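J.: Take this structure, written in structure tokens, and hold onto it; I'll ask about it next.
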Amino acid sequence: MLLEDNIITFVKNELKKIQKVLSPDYPECLESKREDDKQGRSSREAFVKITLDFLRRMKQEELAYRLQNKLYGAVCQHNLKSVLKKNFQYVFEGIAKAGNPTLLNQIYTELYITEGGTAEVNDEHEVRQIETASRKPDRPETTMRQEDIFKASSERNKPIRTVLTKGVAGIGKTVLTQKYTLDWAEDKANQDIQFIFPFTFRELNVLKEEKFSLVELVHHFFTETKEAGICSFEDFQVVFIFDGLDECRLPLDFHKTTILTDPRKSTSVDALLINLIRGKLLPSARVWITTRPAAANQIPSDCVGMVTEVRGFTDPQKEEYFRKRFRDEDQASRIISHIKTSRSLHIMCHIPVFCWITATVLEDVLKTREGGQLPKTLTEMYIHFLVVQAKVKKIKYDGGAETDPHWSPESRKMIESLGKLAFDQLQKGNLIFYESDLTECGIDIRAASVYSGVFTQIFKEERGLYQDKEFCFIHLSVQEFLAALHVHLTFSNSGLNLLEEQKTTFQKSEKGESVEKHFYQCAVDKALQSPNGHLDLFLRFLLGLSLQTSQTLLRGLLTQIGSNSQTNQETVEYIKEKLSEKLSAEESINLFHCLNELNDHSLVEEIQQFLRSGSLSTDKLSPAQWSALVFILLSSEEYLDVFDLKKYSASEEALLRLLPVVKASNKALLNHCKLSESSCEALSLVLSSQSCCLRELDLSNNNLQDSGVKLLCSGLKTQHYTVENLSLSGCLITEEGCTCLASALSANPSHLRELDLSYNQPGGSGMELLSAGLRDLGWRLDTLR
Numbered sequence: 001m002l003l004e005d006n007i008i009t010f011v012k013n014e015l016k017k018i019q020k021v022l023s024p025d026y027p028e029c030l031e032s033k034r035e036d037d038k039q040g041r042s043s044r045e046a047f048v049k050i051t052l053d054f055l056r057r058m059k060q061e062e063l064a065y066r067l068q069n070k071l072y073g074a075v076c077q078h079n080l081k082s083v084l085k086k087n088f089q090y091v092f093e094g095i096a097k098a099g100n101p102t103l104l105n106q107i108y109t110e111l112y113i114t115e116g117g118t119a120e121v122n123d124e125h126e127v128r129q130i131e132t133a134s135r136k137p138d139r140p141e142t143t144m145r146q147e148d149i150f151k152a153s154s155e156r157n158k159p160i161r162t163v164l165t166k167g168v169a170g171i172g173k174t175v176l177t178q179k180y181t182l183d184w185a186e187d188k189a190n191q192d193i194q195f196i197f198p199f200t201f202r203e204l205n206v207l208k209e210e211k212f213s214l215v216e217l218v219h220h221f222f223t224e225t226k227e228a229g230i231c232s233f234e235d236f237q238v239v240f241i242f243d244g245l246d247e248c249r250l251p252l253d254f255h256k257t258t259i260l261t262d263p264r265k266s267t268s269v270d271a272l273l274i275n276l277i278r279g280k281l282l283p284s285a286r287v288w289i290t291t292r293p294a295a296a297n298q299i300p301s302d303c304v305g306m307v308t309e310v311r312g313f314t315d316p317q318k319e320e321y322f323r324k325r326f327r328d329e330d331q332a333s334r335i336i337s338h339i340k341t342s343r344s345l346h347i348m349c350h351i352p353v354f355c356w357i358t359a360t361v362l363e364d365v366l367k368t369r370e371g372g373q374l375p376k377t378l379t380e381m382y383i384h385f386l387v388v389q390a391k392v393k394k395i396k397y398d399g400g401a402e403t404d405p406h407w408s409p410e411s412r413k414m415i416e417s418l419g420k421l422a423f424d425q426l427q428k429g430n431l432i433f434y435e436s437d438l439t440e441c442g443i444d445i446r447a448a449s450v451y452s453g454v455f456t457q458i459f460k461e462e463r464g465l466y467q468d469k470e471f472c473f474i475h476l477s478v479q480e481f482l483a484a485l486h487v488h489l490t491f492s493n494s495g496l497n498l499l500e501e502q503k504t505t506f507q508k509s510e511k512g513e514s515v516e517k518h519f520y521q522c523a524v525d526k527a528l529q530s531p532n533g534h535l536d537l538f539l540r541f542l543l544g545l546s547l548q549t550s551q552t553l554l555r556g557l558l559t560q561i562g563s564n565s566q567t568n569q570e571t572v573e574y575i576k577e578k579l580s581e582k583l584s585a586e587e588s589i590n591l592f593h594c595l596n597e598l599n600d601h602s603l604v605e606e607i608q609q610f611l612r613s614g615s616l617s618t619d620k621l622s623p624a625q626w627s628a629l630v631f632i633l634l635s636s637e638e639y640l641d642v643f644d645l646k647k648y649s650a651s652e653e654a655l656l657r658l659l660p661v662v663k664a665s666n667k668a669l670l671n672h673c674k675l676s677e678s679s680c681e682a683l684s685l686v687l688s689s690q691s692c693c694l695r696e697l698d699l700s701n702n703n704l705q706d707s708g709v710k711l712l713c714s715g716l717k718t719q720h721y722t723v724e725n726l727s728l729s730g731c732l733i734t735e736e737g738c739t740c741l742a743s744a745l746s747a748n749p750s751h752l753r754e755l756d757l758s759y760n761q762p763g764g765s766g767m768e769l770l771s772a773g774l775r776d777l778g779w780r781l782d783t784l785r
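Below is the structure:
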């Protein structure tokens, strides 16, 4: 046994030498020594193979695994990098099958990534989330670059193992992981990592019924590791990337899954993922998961080391994108200037996919209509996008010229079928479709590849493992546009209103104009009733399609409904009536976007004229005009840095009307405004909102009293509270209110830096509690008046 022990000890010592001898720097980087070392290297490899056989006979399996991994790790890494470089160096904007590939490094524009936040669900329609993100006044969050995603910030003491990155559809999450992987494969970043294994949940979905060990799963997707004989990953620094948690169809039950620690033991794929994410399996590995916000809570918070959010493009990054895309400086400047004139287009350009759609459309319009008018609304942009694809189809597949009409019978049928699919799946909340879904919509499965091959920029087919087919639209907004087009086409062709609970067919000749009026009003009502704005964008598109200009652009596809101008005016008046009702800020904002789609700007222009003249009298504003004022203030960045309520009306009514503006502002001056307890209750809700931007809040010289402060404190306690400077000077606060403040700040001590309680009566104990907090190192408070 002494000889065997000596051999095992010798092998352990040799492992360290072998790793150096077989590293990528040896002998490639030592060209002069290459020939001299070749014979020695060959002899050593032969010895290692003999040793492996010996160790396995001695049942030293773990040592054999380690020796084999060290031997082949460097070679495997080189091969894996080559494959990933080949697969990830190109990007096909919009869809992986369409058009000519572009080098990712040539077009990649840095995305705005913020650190912090929670993995809680945000199930608002993503266009509302984009709208909120666009109003961030100074973007104060901690930002980071994609290559630093696992690097601890100065506030963190321990390394980060698991990162969850949130972002709305099309914001660039997949491209972000692609860039991270490509930089590693090209030896540009993170060279301390031995292996990066990028997975998508779409790929993993098809393995739902299969069983694998972690090692087998890696071998299955990355054959280079199997060919190299890598049997475990404990000795390597590994990063697993799982892209698209929102598309996961695996039962990720973190509470019931059995703990698994052996990476060579087979189990279900969902159990593997859960144990890997929890850190039970391969605890040395790093894990990066991307998801849309609505699915973020599938991973328990105690399994996530850091949450990041992709906010898409900032305003300068939008410009950078278009300047990279359009080399002609004049053309790029005209496009950037045009986008800035349309609030809807400018907001949507936070999404990289929409920037690509916009660039595709404007490039065509500028080429075919020299000096012509550019699309101003979302509906116009998407109609042009559809027309461009029809042109491409006609030239590419039909051998036709780039002339009108674009809509062949085949193209018309295709769009109608895709529209039905879009609407049916939108109602179900589905973004990914399968063959059965296509069959239900009358799409011939055998023709599915042709559909995705013709309108490649709109509808795409993706193959999972074993040739399982999945289909989707390139972005949710494209699905919503086609769904609206389907509803419009169905109504104009048959009188059938698909939005009715009990679908009723109206005979146009019998009902006349009232039928069209009912159709659009029904759509407005449905959108307002939908949870979290899930029909907001759909409604914008449906109303935009009613315009004569839209029907002219889609001639041969769309049929005019009724007396266009009269119907549109009736719809406009109905929307204005709705704006007079009690709506949320998000609902009102979407209705103003709807008015823009209908080319009606009367309400907004009215208020803008008052503001310009300085004659705005809030005492005489109607509810609809108040809503218009909110829309204008939220659309104008100059108002969002500092909001002073006294400019409009120093009253509680004005504050309650303008709360959305307060929430979106960096600094709110509400001093000397005759505010009371009711204002505090409303402000508490604002402070506890995850979309609140407030950093400074001045409530001084108002009649808040202790009862108001108590209500305010419920907002101060929440994790979303971010105010750093709070002034409550002269608010009739006594010892009771100060005690409540101290309690709230103890519950959430990491934000408030300055507190002004001058000209109040805090009493002895109130002063003592707050002064103790000032000395407490856990509190951020450094100034107390």
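If you're matching positions, the sequence shown starts at 1 in the UniProt record's numbering and goes up one per residue.
All C-beta atoms in this analysis are idealised placements derived from N, C-alpha and C, irrespective of residue type, glycine included.
From a predicted model like this one, the values you see are computed outputs, not experimental measurements.
Please classify A296 as buried or exposed, where buried requires at least 16 neighbouring CB atoms within 10 angstroms.
T.: buried
J.: Just to confirm the assignment, what range does the alpha helix (DSSP H) spanning R657 have?
T.: 652 to 657
J.: What is the residue span of the alpha helix (DSSP H) that F201 lies within?
T.: 201 to 205
J.: In the DSSP assignment, the alpha helix (DSSP H) including S436 goes from what residue to what residue?
T.: 435 to 440
J.: Can you check which of these residues, L204, L84, T114, is closest to Y180 by C-alpha distance?
T.: L84
J.: If you draw a straight line from the alpha carbon of I632 to that of L694, how long is it in whole angstroms?
T.: Whole-angstrom Cα-Cα distance: 19 Å.
J.: For W288, list the residues DSSP reports as bridge partners.
T.: Looking at the DSSP output, W288 shares a beta bridge with V163, I241.
J.: Kindly indicate which residue of C355, S727, V487 has the alpha-carbon position closest to the one of G172.
T.: C355
J.: Going by beta-carbon coordinates alone, are L103 and Q89 separated by less than 8 Å?
T.: In contact: L103 and Q89 (Cβ atoms closer than 8 Å).
J.: Within 10 Å of its beta-carbon, does A772 have 16 or more other beta-carbons around it, so buried, or fewer, so exposed?
T.: exposed
J.: For K576, count the other beta carbons within 10 Å of its own beta carbon; 16 or more makes it buried, fewer makes it exposed. Which is it?
T.: buried
J.: Look at the alpha carbon of residue 788 and the alpha carbon of L204, and state the distance between them as a whole number of angstroms.
T.: Absent from the structure is residue 788, since the part of the chain shown begins at 1 and ends at 785.
J.: For my contact list, D782 and R753 are in at a C-beta cut-off of 8 Å; report their separation, rounded to the angstrom.
T.: 6 Å
J.: Looking at S700: is its Cβ nearer than 8 Å to the Cβ of S676?
T.: In this structure, the beta-carbon distance from S700 to S676 does not fall below 8 Å.
J.: Give the straight-line distance between the Cα atoms of T308 and D246, rounded to the nearest whole angstrom.
T.: 16 Å
J.: Who are the near neighbours of F648 in its chain, counting only those whose CB is closer than 6 Å to its CB and skipping five residues on each side?
T.: The sequence given here has Tyr at residue 648, not Phe. So the qualifying residues of the chain are T618, A654.
J.: Please classify P251 as buried or exposed, where buried requires at least 16 neighbouring CB atoms within 10 angstroms.
T.: exposed
J.: Is it true that the CB of I241 sits closer than 8 Å to the CB of F197?
T.: yes
J.: Whole angstroms are fine: how far does the CA of E586 sit from the CA of P531?
T.: 12 Å
J.: Given a threshold of 16 other Cβ atoms within 10 Å of its Cβ, counted over all protein chains shown, does Q389 qualify as buried or as exposed?
T.: buried
J.: Less than 8 Å between the C-beta atoms of V661 and F643, yes or no?
T.: yes
J.: Can you find the residues in the same chain that come closer than 8 Å, C-beta to C-beta, to E131, ignoring five residues on each side of it along the sequence?
T.: I347, E586, I589
J.: Where does E31 sit, in a helix, a strand or coil, going by DSSP?
T.: Per-residue confidence for E31 stands at a pLDDT of 40, beneath the threshold of 50, marking its modelled position as unreliable; the derived number appears in the next sentence. Under the three-state reduction of DSSP output, E31 falls in the helix class.
J.: Just to confirm the assignment, what range does the alpha helix (DSSP H) spanning F423 have?
T.: Residues 409 to 428.
J.: Take T258 as the anchor and find which of T177, D270, R249 has the nearest alpha-carbon.
T.: D270
J.: Grouping DSSP H, G and I as helix and E and B as strand, with all else coil, what is A228?
T.: Collapsing the DSSP output to three states places A228 in coil.
J.: Determine the contact status of I299 and L418, defining contact as a CB-CB distance below 8 Å.
T.: Their beta carbons are not under 8 Å apart, which means I299 does not touch L418 by this criterion.
J.: Expressed to the nearest angstrom, what Euclidean distance is found between the alpha-carbon atoms of A628 and S584?
T.: 13 Å
J.: Measuring alpha carbon to alpha carbon, tell me which of R145, V91, Q106, Y108 ends up nearest E115.
T.: R145
J.: Tell me whether D706 is buried or exposed, calling it buried when 16 or more other Cβ atoms sit within 10 Å of its Cβ.
T.: Classification of D706: buried, given that the 10 Å Cβ count is 16 or more.
J.: Are there 16 or more other CB atoms within 10 angstroms of the CB of R325, so buried, or fewer, so exposed?
T.: buried
J.: Starting from Y90, follow its DSSP beta bridges and name the residues at the other end.
T.: L103
J.: When you compare each of F254, N275, N703 to R264 by their alpha carbons, which one comes out closest?
T.: N275
J.: Are the beta-carbon atoms belonging to L499 and L558 less than 8 Å from one another?
T.: no
J.: Look up K211 in the DSSP assignment and say whether it is helix, strand or coil.
T.: strand
J.: Applying the 10 Å Cβ sphere with the 16-neighbour rule, what's the burial state of P316?
T.: exposed
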